[in-house]
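Remarks on the structure that follows.
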Amino acid sequence: MATPSARPQTVGFARDLATHGDRVALITETGELSYCDLATRVTAAAERLGTARRLVLLAGANRVDALVFYLAALTAGHPLLLTPSDNDTALRSLVGRYDPDVVIRPGTDGEGTTWLVDERRETTVHTLHPDLALLLSTSGSTGSPKLVRLSHDNLQANAESIATYLNIDDSDRAATTLPMHYCYGLSVINSHLLRGAGLIVTGLSVTDTCFWDLFRAAGGTALAGVPYTFDLLDRVGFEHMELPHLRYVTQAGGRLAPERVARYATAGRRAGWELFVMYGQTEATARMAYLPPALAPERPHAVGMPIPGGSFRLQPVDGIDEPDTGELVYSGPNVMLGYAEGPADLALGRTVEELHTGDIARRAPDGLYEIVGRRSRFTKILGLRIDPQRIEAILGQQGIPAYCAGDDDALAVLAAGAEGVDAARVRHVVADHCGLPPRAIRVRMEPELPRLASGKPDYEAVRRLAREEVVPPPRPGATVAELCALYALLLDRTDVTEDSSFVGLGGDSLSYVEMSLRLEQVLGPLPANWHTTPIRELLDHRTQRHPARTPRPWHRSLRTLETGIALRAIGIVLIVGSHIPVFAIQGGAHVLLGVAGFNFARFHLSAHERRDRLRRLWRGIARIAVPSMVWITFALLLTREYDLANVVLANSLFEQDGSDPEWRYWFVEALVYFLTGLAVLLAIPLLDRAERRSPFGFALALVGLGLVGRYDLWDLAHIRYHLSPTVVFFLFALGWAAARARTAAQRLLLTAVLLVTVPGLFPAGQTLRTSIVVAGLTLLLWVPALPSVSALNRLAGILAGSSLYIYLTHFHVYPYLRDHSPMLALLVSLAFGVGYGAVATRLTNRLLPPLGPAVNSSVSVPTPTDGSAGSVWHEGGRTPPGHAGRRQAAGRPGTRPSPPPNR
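What follows is the structure, encoded as structure tokens:
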């Protein structure tokens, strides 16, 4: 146990509000509040709470007053217990259990809603550890007496980490789409206040048009949601909304289906915003991992990599023998002090050093983590973590024997019949204690509870109930009475009449999607205001449109393939094919230089701290240079076609005579030079800050610098002009700028630069080559993904992931076969490179062990899927089936054929 500190601490972001001056802190439907004004109100509230530490219970809500009291408690050092303001059962339970000294909750007087401060005693009756700052229910579950104890350092560290990888600055404005008593919603508040950003404070649902009016008017840049939020966003047509300031969307609070992750990531890229999929628990002050947006389309199954400052390890689990699989254990400054199950625990210091998440995870070859199961029976339903065993115990205390289990959508309860007990009563008992809406609780009464032959509970039978349909699908042409019955079932109401409306019956965002889907089956497309329209009037809006057709089998198999992956796969085939030659189509290598820059910006220029960026960048350089130098050394010993300059990747630095073999590896040399030069530049704090402040402007400046080399104003391109690193750098910089472009105007500017500068790059008469480079980079700039099928995705992923190795080896494979069959030479060259890649990746991984907690971030090139600039090639072996776009690497080999010297 930690030794208590000498005096209570405070939380930095709450204490330092005034340092942000007159910047806007809070935006509501009625006005704005600056940081100075907010600090003044927080100071006044802190004075009201006093200097003597007391246990404060706050019924949290997305209201300015609630935020003020929250920050006041943190500033004054009062331990704060946050509960939901709309759940009296949970509030009474926690007040009875923990006996807080002060209770702050909303109350109503004759003039409107006010906040009531009930000072139950002037001094505390509890022993409060000096490090204790906040008490939260686990993962948003409500009413549980088991709380998470968080310290001041936990809150500050987690806010700093989130602000770092989301790159939050004082121009951002985030909406409070999640309740503040929920750790995810609270982390949005903390991280934005830390950076002097604005909060759009609202309790409106994302299904309300007023929410979007406020979001646009406030210049909202950030949205946060749990999986159910995305159901609501689908219903309101979010992907087609005009949200000019939106910069990123975050998702946590449970698993979002991989296909939806990929869809939203692609939609975001098209619209100019990024999707951050995140993983965490309240025990880690909200966040443990995030999936870099660039990897979301190809790795939607993954939870990502550790947040800055955190690390994972996998603890072996009995019965699980799969490699790189075990219980996920997290370490970091945001790990809780421990749990509290009663007032006596408030005196405890740190009792937990690392967090055993209870999740079974696999570390993929690319270094990303994937959750593959749970060690216990905990389940997350609608973002709330539910303990079925506790629900069973609660029902048992009321004389109702029951088995409980759940999935992502519903909690199933099989209860044994007892006198005076029916399904409705069971549903209400469970809803009151776990915070789920009744429609997410499926109850069946049975004479006896199901057991296996061993006598153990048959939980599979319970899980089947969770997957069953409990509300019969409505039939087209239903009557008013049948619609009333549907409302009654979904909203768990007995007072439904034909004059009732969804809102009038207490419908909320949790039931919105299911109700709207059911009604559409009956009525067809619904009117915009269906939720406020009486049931009888809804029938008047019934349309005569045909129901949507069932997708044809071929349509169901359609997938998308990220453009960068497609270009890498096509590029390496063009390179090898033109060298044999199977065909004479050039330009692939120069397209891939642009892809290399594109992926450099997406993966290496993440929000990591400067030292972390540089460490990963140098590691990425090594992952390109080492296997290249090893293979070229082997080729030198085998053929004597090269010299020492080739081995050390320095051929481009000397005035060679232009003989073909010596220039075969110009592309690898160019990449290593570019990455090394950029590592040196970004090591300068001033330039690193400039890139973070103006990502597109910085990249555009490099394009300008590259154009100086493009036209050889420094006279550095002695021979093979179009292969000289100084000449082709502008293509790398254009790819970088393409990744940073966020508006149509920026993309149009880059397109114009392409159209003006690429013509004339190649020797006279190579119009096709010029066209391919312009077309490929324009496609990369404007089209985020291409239609594809699963089999093609797998093939593209393998080729793109092994492209470095294919490029390195093909010069010494195809000569043995091309006279017999050029096509066979092409296929064998590709296959040999894939095989070499598998071996080289394993050896490289051993030579370059992870550098730290987040080594395999989206920026490093470590592995097959990493897609960083080091991964320009995307080194690292094969992409697992179905993850075609996984690597976002870039560079690809030389495009010129071997034989003719000046190709």
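Offset between the sequence shown (1-based) and this note's numbering: plus 1341.
Don't be surprised by glycine CBs; every beta carbon is placed ideally from N, CA and C.
Classify residue i as buried or exposed, calling it buried when 16 or more other Cβ atoms lie within 10 Å of its own Cβ.
{"i": "HIS1697", "result": "exposed"}
{"i": "ALA1504", "result": "buried"}
{"i": "ALA2086", "result": "exposed"}
{"i": "ALA1355", "result": "buried"}
{"i": "ARG1909", "result": "buried"}
{"i": "ALA1559", "result": "buried"}
{"i": "THR1371", "result": "exposed"}
{"i": "LEU1860", "result": "buried"}
{"i": "THR2108", "result": "exposed"}
{"i": "CYS1524", "result": "buried"}
{"i": "MET1582", "result": "exposed"}
{"i": "GLY1451", "result": "Since pLDDT at GLY1451 reaches only 36, below the 50 mark, its modelled position is unreliable, and the value read off the structure follows with that caveat. Counting Cβ neighbours within 10 Å, GLY1451 comes out exposed, since fewer than 16 surround it."}
{"i": "TRP1871", "result": "buried"}
{"i": "VAL1762", "result": "buried"}
{"i": "CYS1330", "result": "There is no way to answer for residue 1330, as the model of the chain reaches only from 1342 to 2244."}
{"i": "ARG1981", "result": "exposed"}
{"i": "PHE2073", "result": "buried"}
{"i": "TYR2155", "result": "buried"}
{"i": "LEU1457", "result": "exposed"}
{"i": "SER1426", "result": "buried"}
So which of the options has the shortest CA-CA distance to residue i?
{"i": "ALA1966", "options": "ILE1727, LEU2188, GLU1982 and PRO1649", "result": "LEU2188"}
{"i": "THR1873", "options": "GLU1839, GLY2018 and ASP2029", "result": "GLU1839"}
{"i": "ALA1681", "options": "SER1478, ALA1757 and VAL1542", "result": "SER1478"}
{"i": "GLN1463", "options": "PRO1674, GLY1391 and LEU1496", "result": "Rather than Gln, the amino acid found at residue 1463 in this sequence is Glu. Cα-wise, what sits closest to GLU1463 is GLY1391."}
{"i": "PHE1340", "options": "PHE2008, THR2017, ALA2082 and TRP2004", "result": "Past the edges of the chain, shown from 1342 to 2244, lies residue 1340, and the structure says nothing about it."}
{"i": "LEU1587", "options": "ALA1603, ASP1572, ALA1612 and PRO1568", "result": "ALA1612"}
{"i": "ALA1608", "options": "ALA1630, PRO1638 and GLY1595", "result": "PRO1638"}
{"i": "LEU2121", "options": "VAL1932, ALA2166 and LEU1985", "result": "VAL1932"}
{"i": "ALA1603", "options": "THR1424, ARG1877 and ALA1643", "result": "ALA1643"}
{"i": "GLY1353", "options": "ASN1499, MET1619 and LEU2167", "result": "ASN1499"}
{"i": "VAL1529", "options": "HIS1470, ARG1557 and GLN1592", "result": "GLN1592"}
{"i": "HIS1470", "options": "TYR1439, ARG1394 and PRO1441", "result": "ARG1394"}
{"i": "VAL1837", "options": "LEU1864, ILE1876 and LEU1806", "result": "ILE1876"}
{"i": "ASN1992", "options": "TYR1828, PRO1674 and PRO2066", "result": "PRO2066"}
{"i": "SER1434", "options": "GLU1615, GLU1460 and LEU1488", "result": "LEU1488"}
{"i": "HIS1769", "options": "LEU1709, LEU1832, ILE1722 and GLU1823", "result": "LEU1832"}
{"i": "ALA2078", "options": "LEU2046, PHE2103, PRO2100 and TRP2055", "result": "LEU2046"}
{"i": "GLU1624", "options": "ILE1509, ILE2147, GLY1747 and LEU1496", "result": "LEU1496"}
{"i": "LEU2012", "options": "ALA1937, PRO1649 and PHE2103", "result": "ALA1937"}
Give me the DSSP bridge partner(s) of residue i.
{"i": "GLU1463", "result": "Note: GLU1463 sits in no beta bridge, so no partner."}
{"i": "GLY1566", "result": "GLN1592"}
{"i": "SER1492", "result": "LEU1473"}
{"i": "ASP1282", "result": "There is simply no residue 1282 to check, as the chain begins at 1342 and stops at 2244 in what is shown."}
{"i": "GLY1667", "result": "ALA1702"}
{"i": "PHE1653", "result": "TYR1671"}
{"i": "THR1455", "result": "GLY1448"}
{"i": "ALA1681", "result": "LEU1488"}
{"i": "ILE1368", "result": "GLU1373 and ILE1541"}
{"i": "PRO1798", "result": "ARG1792"}
{"i": "ALA1400", "result": "THR1424"}
For residue i, which residues of its own chain have a beta-carbon under 7 Å away from its beta-carbon, when the five flanking residues on both sides are left out?
{"i": "THR1468", "result": "LEU1687 and ALA1688"}
{"i": "TYR1744", "result": "GLU1733, LEU1755, LEU1790, PRO1798, TYR1800 and VAL1803"}
{"i": "GLU1695", "result": "VAL1670, TYR1671, SER1672 and VAL1676"}
Under the criterion of a Cβ to heavy atom distance below 8 Å, does residue i qualify as lining the ligand COA?
{"i": "LEU1867", "result": "Among the components modelled here there is no ligand, and therefore nothing to report on the ligand COA."}
Ordered along the chain, which non-local residues of its own chain (more than five positions away) have a Cβ less than 6 Å from that of residue i?
{"i": "GLN1656", "result": "GLY1667, GLU1668 and VAL1670"}
{"i": "LEU1358", "result": "TYR1376, LEU1379 and ALA1380"}
{"i": "GLY1544", "result": "ASN1403"}
{"i": "LEU2165", "result": "LEU2158"}
Can you find the residues in the same chain that come closer than 8 Å, C-beta to C-beta, to residue i, ignoring five residues on each side of it along the sequence?
{"i": "VAL1542", "result": "LEU1367, ILE1368, THR1369, ASN1403, ARG1404, VAL1405, LEU1408 and THR1517"}
{"i": "ILE1701", "result": "VAL1658, ILE1661, THR1666, GLY1667, GLU1668, LEU1669, ILE1712, VAL1713, GLY1714, ARG1715 and ARG1716"}
{"i": "PRO2026", "result": "ARG1951"}
How about residue i: is its C-beta nearer than 9 Å to some C-beta of chain B?
{"i": "VAL1444", "result": "Any reference to chain B falls outside this structure, which holds one protein chain only."}
Let me know the alpha helix (DSSP H) ranges lying completely inside the region 1703 to 1771, each 4 residues or longer, listed in chain order.
-> Here the runs fully enclosed are 1729 to 1738.
Taking the runs of the alpha helix (DSSP H) that are 4 residues or longer, which of them lie wholly in the region 1568 to 1649?
-> Segments of the alpha helix (DSSP H) lying fully in the region 1568 to 1649: 1568 to 1576 and 1599 to 1612.
Go through the region 1508 to 1551 residue by residue and report every complete run of the alpha helix (DSSP H) that reaches 4 residues or more, in order.
-> Counting only runs of 4 or more, we get 1524 to 1535.
Where in the region 1402 to 1443 do unbroken runs of the alpha helix (DSSP H), each at least 4 residues long, occur, reported from the N-terminal end onward?
-> 1405 to 1417 and 1429 to 1439, all fully within the region 1402 to 1443.
Only counting runs of 4 or more residues, tell me where the alpha helix (DSSP H) segments fall wholly within the region 1950 to 1986, in order along the chain.
-> If we require 4 residues or more, the alpha helix (DSSP H) runs fully inside the region 1950 to 1986 come out as 1951 to 1980.
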